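Below is one structure, written out as C-alpha coordinates; comments come after it.
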Amino acid sequence: MIKLVLLLFTALFFFLSPNKVFAESITVTLSPSSAQIGTEFTVQFDAEGLTPGNYYGKARIGKDGTFNKAETKKGDAWLGDTTGWPEFPTFEVDESGATTGTLIVRAKSTAEIGENSLYVRLNNGSNHDSSTVAINLEPPPQPTPTPTPTPTPTDTPDSPTPTKTPTPTKIPTPTKTPTPTKKSTPTPTKKLQEKEASTDDLFLAGETEIALDKSPTPEGQVLGEKTSRQPFIFIGLGIIFLAVCGIFAYLQFGDKIFFRLRKKEE
2 MIKLVLLLFT
12 ALFFFLSPNK
22 VFAESITVTL
32 SPSSAQIGTE
42 FTVQFDAEGL
52 TPGNYYGKAR
62 IGKDGTFNKA
72 ETKKGDAWLG
82 DTTGWPEFPT
92 FEVDESGATT
102 GTLIVRAKST
112 AEIGENSLYV
122 RLNNGSNHDS
132 STVAINLEPP
142 PQPTPTPTPT
152 PTPTDTPDSP
162 TPTKTPTPTK
172 IPTPTKTPTP
182 TKKSTPTPTK
192 KLQEKEASTD
202 DLFLAGETEI
212 ALDKSPTPEG
222 QVLGEKTSRQ
232 PFIFIGLGII
242 FLAVCGIFAY
252 LQFGDKIFFR
262 LRKKEE
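And the structure:
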(Lines of atoms letter the chains of each structure in order from A and count residues from 1; the text may use other names and numbers.)
(Lines give C-alpha, C1' and ligand atoms only; values in the text may rest on other atoms or scores of the structure.)
Protein backbone atom coordinates (compact mmCIF):
# COMPACT_ATOMS: atom_id res chain seq x y z
CA MET A 1 0.00 0.00 0.00
CA ILE A 2 2.70 2.38 0.87
CA LYS A 3 4.55 1.52 -2.41
CA LEU A 4 1.48 2.33 -4.45
CA VAL A 5 1.20 5.74 -2.85
CA LEU A 6 4.86 6.54 -3.58
CA LEU A 7 4.51 5.50 -7.24
CA LEU A 8 1.51 7.73 -7.77
CA PHE A 9 3.28 10.61 -6.08
CA THR A 10 6.29 10.24 -8.38
CA ALA A 11 4.16 10.14 -11.54
CA LEU A 12 2.29 13.24 -10.54
CA PHE A 13 5.60 15.03 -9.91
CA PHE A 14 6.81 14.38 -13.43
CA PHE A 15 3.58 15.27 -15.09
CA LEU A 16 2.96 18.36 -13.06
CA SER A 17 6.53 19.72 -13.07
CA PRO A 18 7.25 22.41 -15.82
CA ASN A 19 9.47 21.53 -18.90
CA LYS A 20 13.07 22.73 -18.78
CA VAL A 21 13.63 25.83 -21.03
CA PHE A 22 17.17 26.77 -22.32
CA ALA A 23 17.99 30.52 -22.48
CA GLU A 24 18.75 32.01 -26.02
CA SER A 25 22.44 33.01 -26.45
CA ILE A 26 24.56 34.18 -29.44
CA THR A 27 28.21 34.92 -28.74
CA VAL A 28 30.95 36.36 -31.00
CA THR A 29 33.91 34.05 -30.53
CA LEU A 30 36.37 35.48 -33.04
CA SER A 31 36.80 39.08 -34.18
CA PRO A 32 39.83 41.35 -34.70
CA SER A 33 40.39 44.13 -32.23
CA SER A 34 41.16 46.52 -35.12
CA ALA A 35 40.72 46.56 -38.84
CA GLN A 36 41.30 48.97 -41.72
CA ILE A 37 38.24 50.37 -43.43
CA GLY A 38 37.58 48.48 -46.64
CA THR A 39 39.73 45.50 -45.63
CA GLU A 40 37.89 42.20 -45.08
CA PHE A 41 38.19 40.14 -41.89
CA THR A 42 36.56 37.05 -40.32
CA VAL A 43 33.90 36.93 -37.58
CA GLN A 44 32.89 33.65 -35.90
CA PHE A 45 29.92 33.07 -33.54
CA ASP A 46 28.18 30.37 -31.48
CA ALA A 47 24.42 30.21 -30.86
CA GLU A 48 22.25 28.14 -28.54
CA GLY A 49 18.72 28.17 -27.21
CA LEU A 50 17.30 28.88 -30.68
CA THR A 51 14.36 27.21 -32.30
CA PRO A 52 15.60 24.57 -34.72
CA GLY A 53 15.56 25.65 -38.40
CA ASN A 54 17.31 27.88 -40.94
CA TYR A 55 18.51 31.37 -40.08
CA TYR A 56 20.01 34.21 -42.16
CA GLY A 57 23.07 35.88 -40.70
CA LYS A 58 25.01 39.13 -41.06
CA ALA A 59 27.39 41.38 -39.10
CA ARG A 60 26.68 44.96 -38.04
CA ILE A 61 29.18 47.73 -37.19
CA GLY A 62 28.61 51.21 -35.85
CA LYS A 63 28.47 53.46 -32.85
CA ASP A 64 26.01 55.62 -30.93
CA GLY A 65 23.07 53.39 -31.82
CA THR A 66 23.72 53.44 -35.59
CA PHE A 67 24.91 50.05 -36.86
CA ASN A 68 24.82 50.17 -40.66
CA LYS A 69 28.53 50.50 -41.46
CA ALA A 70 29.27 46.83 -42.20
CA GLU A 71 29.14 44.75 -45.36
CA THR A 72 28.80 40.94 -45.33
CA LYS A 73 30.22 38.85 -48.16
CA LYS A 74 28.32 36.05 -49.94
CA GLY A 75 30.14 34.51 -52.85
CA ASP A 76 31.67 37.42 -54.72
CA ALA A 77 29.05 39.96 -53.63
CA TRP A 78 29.25 42.42 -50.78
CA LEU A 79 25.87 42.96 -49.12
CA GLY A 80 25.03 46.15 -47.26
CA ASP A 81 22.95 46.40 -44.10
CA THR A 82 19.79 47.30 -46.02
CA THR A 83 19.98 44.32 -48.41
CA GLY A 84 17.03 41.89 -48.11
CA TRP A 85 17.49 38.88 -45.82
CA PRO A 86 17.18 36.20 -48.50
CA GLU A 87 20.45 37.48 -50.05
CA PHE A 88 22.52 36.78 -46.91
CA PRO A 89 24.33 33.55 -45.90
CA THR A 90 22.16 30.90 -44.13
CA PHE A 91 22.83 28.81 -41.02
CA GLU A 92 21.00 25.73 -39.77
CA VAL A 93 20.09 25.41 -36.09
CA ASP A 94 19.83 21.77 -34.98
CA GLU A 95 17.30 20.12 -32.66
CA SER A 96 19.30 21.18 -29.65
CA GLY A 97 18.88 24.80 -30.66
CA ALA A 98 22.60 25.33 -31.32
CA THR A 99 24.70 26.37 -34.34
CA THR A 100 28.15 27.74 -35.18
CA GLY A 101 28.93 30.07 -38.10
CA THR A 102 31.54 32.22 -39.83
CA LEU A 103 31.00 35.52 -41.64
CA ILE A 104 33.36 37.49 -43.94
CA VAL A 105 32.96 41.15 -43.08
CA ARG A 106 34.40 44.58 -43.88
CA ALA A 107 33.69 48.12 -42.75
CA LYS A 108 32.17 50.45 -45.33
CA SER A 109 34.02 53.52 -46.55
CA THR A 110 31.49 55.67 -44.65
CA ALA A 111 32.39 54.13 -41.29
CA GLU A 112 33.95 56.42 -38.69
CA ILE A 113 37.58 55.97 -37.83
CA GLY A 114 38.19 54.98 -34.22
CA GLU A 115 36.36 52.91 -31.63
CA ASN A 116 33.24 51.10 -32.94
CA SER A 117 31.05 48.17 -31.91
CA LEU A 118 30.31 44.93 -33.82
CA TYR A 119 27.69 42.22 -33.34
CA VAL A 120 26.04 39.36 -35.27
CA ARG A 121 22.34 39.30 -36.14
CA LEU A 122 20.43 36.11 -37.08
CA ASN A 123 16.93 36.10 -38.52
CA ASN A 124 14.31 33.41 -39.03
CA GLY A 125 11.45 35.84 -39.28
CA SER A 126 12.50 37.65 -36.14
CA ASN A 127 15.87 39.14 -35.18
CA HIS A 128 18.27 37.45 -32.77
CA ASP A 129 21.32 39.57 -31.83
CA SER A 130 24.60 38.63 -30.23
CA SER A 131 26.40 40.62 -27.60
CA THR A 132 28.64 43.42 -28.94
CA VAL A 133 32.40 43.46 -29.15
CA ALA A 134 34.70 46.45 -29.62
CA ILE A 135 36.59 47.01 -32.85
CA ASN A 136 38.88 49.89 -33.73
CA LEU A 137 38.58 51.07 -37.31
CA GLU A 138 41.66 52.49 -39.00
CA PRO A 139 41.99 54.56 -42.17
CA PRO A 140 41.98 52.59 -45.41
CA PRO A 141 45.36 51.69 -46.85
CA GLN A 142 46.77 54.25 -49.20
CA PRO A 143 47.42 52.92 -52.68
CA THR A 144 51.10 52.52 -53.30
CA PRO A 145 51.97 54.56 -56.34
CA THR A 146 53.35 52.40 -59.05
CA PRO A 147 56.81 53.67 -59.79
CA THR A 148 57.17 54.74 -63.35
CA PRO A 149 59.99 52.75 -64.84
CA THR A 150 62.81 54.98 -65.87
CA PRO A 151 63.57 54.25 -69.47
CA THR A 152 67.06 53.00 -69.92
CA PRO A 153 68.78 55.35 -72.31
CA THR A 154 69.66 53.58 -75.49
CA ASP A 155 73.26 53.90 -76.37
CA THR A 156 73.33 56.10 -79.38
CA PRO A 157 76.10 55.10 -81.71
CA ASP A 158 78.70 57.75 -82.05
CA SER A 159 78.10 59.87 -85.06
CA PRO A 160 80.84 59.37 -87.58
CA THR A 161 83.24 62.24 -87.71
CA PRO A 162 82.53 64.02 -90.94
CA THR A 163 85.40 63.79 -93.36
CA LYS A 164 86.82 67.20 -93.93
CA THR A 165 86.28 68.08 -97.52
CA PRO A 166 89.57 69.32 -98.93
CA THR A 167 89.45 72.87 -100.07
CA PRO A 168 89.75 72.77 -103.81
CA THR A 169 92.92 74.36 -105.03
CA LYS A 170 92.08 77.41 -107.00
CA ILE A 171 93.21 76.82 -110.52
CA PRO A 172 94.79 80.01 -111.80
CA THR A 173 92.89 81.47 -114.66
CA PRO A 174 95.19 81.35 -117.65
CA THR A 175 96.11 84.81 -118.81
CA LYS A 176 94.76 85.27 -122.23
CA THR A 177 97.67 85.77 -124.55
CA PRO A 178 96.92 88.81 -126.62
CA THR A 179 96.66 88.05 -130.27
CA PRO A 180 99.66 89.65 -131.87
CA THR A 181 98.63 92.55 -133.96
CA LYS A 182 99.96 92.25 -137.38
CA LYS A 183 101.94 95.32 -138.01
CA SER A 184 101.50 96.64 -141.44
CA THR A 185 104.75 97.32 -143.13
CA PRO A 186 104.85 100.92 -144.10
CA THR A 187 105.57 101.56 -147.69
CA PRO A 188 109.18 102.57 -147.96
CA THR A 189 109.38 106.24 -148.39
CA LYS A 190 111.01 106.92 -151.58
CA LYS A 191 112.67 110.16 -151.23
CA LEU A 192 113.51 111.27 -154.58
CA GLN A 193 116.07 113.77 -154.21
CA GLU A 194 116.53 115.36 -157.45
CA LYS A 195 119.08 117.91 -157.58
CA GLU A 196 117.51 120.68 -159.42
CA ALA A 197 120.06 122.70 -161.01
CA SER A 198 119.56 126.15 -162.04
CA THR A 199 119.35 126.89 -165.71
CA ASP A 200 123.03 127.52 -165.75
CA ASP A 201 123.86 124.34 -163.86
CA LEU A 202 121.71 122.20 -166.15
CA PHE A 203 123.62 123.39 -169.10
CA LEU A 204 126.92 123.04 -167.26
CA ALA A 205 126.35 119.65 -165.79
CA GLY A 206 125.14 118.25 -169.04
CA GLU A 207 122.93 115.83 -167.28
CA THR A 208 120.46 115.78 -164.54
CA GLU A 209 121.56 114.08 -161.41
CA ILE A 210 118.81 112.28 -159.72
CA ALA A 211 119.56 111.20 -156.29
CA LEU A 212 117.41 108.60 -154.82
CA ASP A 213 117.48 108.19 -151.09
CA LYS A 214 115.86 104.98 -150.24
CA SER A 215 115.31 104.59 -146.51
CA PRO A 216 113.39 101.39 -146.14
CA THR A 217 111.64 101.05 -142.82
CA PRO A 218 112.58 97.82 -141.04
CA GLU A 219 110.03 95.26 -141.91
CA GLY A 220 107.67 94.45 -139.10
CA GLN A 221 107.42 90.78 -138.51
CA VAL A 222 104.91 88.97 -136.36
CA LEU A 223 106.39 86.12 -134.36
CA GLY A 224 105.42 82.75 -135.66
CA GLU A 225 104.42 84.07 -139.15
CA LYS A 226 106.16 84.02 -142.49
CA THR A 227 107.89 87.14 -143.78
CA SER A 228 105.46 89.45 -145.58
CA ARG A 229 105.90 89.92 -149.31
CA GLN A 230 104.50 93.41 -149.32
CA PRO A 231 107.88 95.18 -149.07
CA PHE A 232 109.06 93.47 -152.21
CA ILE A 233 105.89 94.40 -154.00
CA PHE A 234 106.35 98.08 -153.07
CA ILE A 235 110.01 97.99 -154.04
CA GLY A 236 109.08 96.58 -157.43
CA LEU A 237 106.42 99.24 -157.87
CA GLY A 238 109.00 101.93 -156.89
CA ILE A 239 111.43 100.73 -159.49
CA ILE A 240 108.73 100.75 -162.15
CA PHE A 241 107.68 104.23 -161.03
CA LEU A 242 111.28 105.53 -161.33
CA ALA A 243 111.66 103.94 -164.70
CA VAL A 244 108.49 105.58 -165.92
CA CYS A 245 109.64 108.92 -164.48
CA GLY A 246 113.01 108.54 -166.22
CA ILE A 247 111.38 107.79 -169.55
CA PHE A 248 109.04 110.72 -169.12
CA ALA A 249 111.93 113.03 -168.20
CA TYR A 250 113.90 111.84 -171.22
CA LEU A 251 111.01 112.51 -173.51
CA GLN A 252 110.50 115.99 -172.06
CA PHE A 253 114.05 117.20 -171.49
CA GLY A 254 116.31 114.88 -173.46
CA ASP A 255 116.71 117.00 -176.54
CA LYS A 256 117.49 120.12 -174.57
CA ILE A 257 120.05 118.40 -172.42
CA PHE A 258 121.85 116.87 -175.42
CA PHE A 259 121.66 120.17 -177.32
CA ARG A 260 123.39 122.07 -174.55
CA LEU A 261 126.00 119.39 -174.16
CA ARG A 262 126.81 119.51 -177.83
CA LYS A 263 126.92 123.30 -177.74
CA LYS A 264 129.27 123.25 -174.79
CA GLU A 265 131.58 120.83 -176.51
CA GLU A 266 131.78 123.10 -179.53
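Following the working numbering, the numbering of the sequence shown begins with 2 at its first residue and continues without gaps.
Every residue gets a Cβ at the ideal spot worked out from N, C-alpha and C, and that includes glycine.
All values derive from a computational prediction rather than experimental measurement.
- [ ] Counting only the same chain and skipping the five closest in sequence on each side, list residues whose C-beta sits under 8 angstroms from that of asparagine 128.
- [x] Along the sequence shown, one-based indexing puts residue 128 at 127. The answer, listed in chain order, is Arg122.
Task: Beta-carbon proximity check, proline 321 vs valine 94, cutoff 8 angstroms - done: Residue 321 lies beyond the stretch modelled for the chain, which goes from 2 to 267, so this question has no answer here.
TODO: For the region 98 to 123, list the beta strand (DSSP E) runs that are entirely contained and at least 3 residues long, ordered along the chain.
DONE: Counting only runs of 3 or more, we get 100 to 108.
Open item on the list: Judging by CA-CA distance, which residue of Glu116, Phe89, Thr153 is the nearest neighbour of asparagine 124?
Closed with: On the sequence shown, position 123 is the one that residue 124 refers to. Comparing C-alpha distances from asparagine 124 to each of Glu116, Phe89, Thr153 shows the shortest one belongs to Phe89.
Open item on the list: So for glutamate 96, helix, strand or coil by DSSP?
Closed with: Residue numbering aside, residue 96 sits at position 95 when the sequence shown is read from its first letter. Of the three classes helix, strand and coil, the one that applies to glutamate 96 here is coil, per DSSP.
Task: Beta-carbon spacing of proline 141, glycine 63 below 8 angstroms - done: Position 140 of the sequence shown, counted from the first residue, corresponds to residue 141. Position 62 of the sequence shown, counted from the first residue, corresponds to residue 63. No, the pair does not count as a contact, with Cβ atoms beyond the cut-off.
Task: Every unbroken beta strand (DSSP E) inside the region 40 to 100 [3 residues or more] - done: Taking 3 residues as the minimum length, the beta strand (DSSP E) runs contained wholly in the region 40 to 100 are 42 to 49, 54 to 63, 71 to 75, 78 to 80, 91 to 94, in order along the chain.
Task: Which listed residue (Tyr120, Phe233, Phe254) has its alpha carbon closest to that of phenylalanine 68 - done: Position 67 of the sequence shown, counted from the first residue, corresponds to residue 68. The residue with the shortest Cα to Cα distance from phenylalanine 68 is Tyr120.
Task: Nearest-angstrom Cα separation, counted from phenylalanine 242 out to phenylalanine 235 - done: Residue mapping note: residue 235 aligns to position 234 of the sequence shown, counting from 1. Residue mapping note: residue 242 aligns to position 241 of the sequence shown, counting from 1. Answer to the nearest angstrom: the Cα atoms are 10 angstroms apart.
- [ ] Taking all protein chains shown into account, decide if phenylalanine 92 is buried (16 or more other Cβ within 10 angstroms of its Cβ) or exposed.
- [x] Residue numbering aside, residue 92 sits at position 91 when the sequence shown is read from its first letter. Counting Cβ neighbours within 10 Å, phenylalanine 92 comes out buried, since at least 16 surround it.
Open item on the list: So the candidates are Arg61, Ser97, Ala99, Asp65; which of them puts its Cα closest to the Cα of aspartate 82?
Closed with: The residue given as residue 82 occupies position 81 in the sequence shown. Closest by C-alpha distance to aspartate 82, out of Arg61, Ser97, Ala99, Asp65, is Arg61.
TODO: Kindly indicate which residue of Thr145, Ala99, Thr103, Thr28 has the alpha-carbon position closest to the one of glutamate 41.
DONE: For the purposes of this step, residue 41 is taken as the residue at position 40 of the sequence shown. Selected option, being the one with the closest Cα: Thr103.
- [ ] Alpha carbon to alpha carbon, how far is threonine 28 from serine 97? Give it in angstroms, no decimals.
- [x] Residue 97 sits at position 96 when you count from the first residue of the sequence shown. Residue 28 sits at position 27 when you count from the first residue of the sequence shown. Taking the straight line from one Cα to the other gives about 16 angstroms.
TODO: Taking serine 34 as the reference, give the member of Leu80, Tyr251, Val134, Gln45 with the closest Cα.
DONE: Numbered from its first residue, the sequence shown carries residue 34 at position 33. The option with the nearest alpha carbon to serine 34 is Val134.
Open item on the list: According to DSSP, simplified to helix, strand and coil, what is isoleucine 248?
Closed with: Position 247 of the sequence shown, counting from 1, holds the residue named residue 248. Assignment of isoleucine 248 by DSSP, reduced to helix, strand and coil, places it in the helix class.
- [ ] For tyrosine 251, count neighbouring C-beta atoms within 10 Å of its own C-beta (all shown protein chains included) and say buried if the count is 16 or more, exposed if not.
- [x] Here residue 251 corresponds to residue number 250 of the sequence shown, with the count starting at 1. Exposed is the label assigned to tyrosine 251, since fewer than 16 other Cβ atoms lie within 10 Å of its Cβ.
Open item on the list: I believe valine 112 touches leucine 138 by the beta-carbon criterion, under 8 angstroms. Please report the beta-carbon distance rounded to the nearest angstrom.
Closed with: Here residue 112 is taken as the residue at index 111 of the sequence shown, counted from 1. Here residue 138 is taken as the residue at index 137 of the sequence shown, counted from 1. The question names valine, but residue 112 is alanine in the sequence shown. Correct: roughly 5 angstroms between the Cβ atoms.
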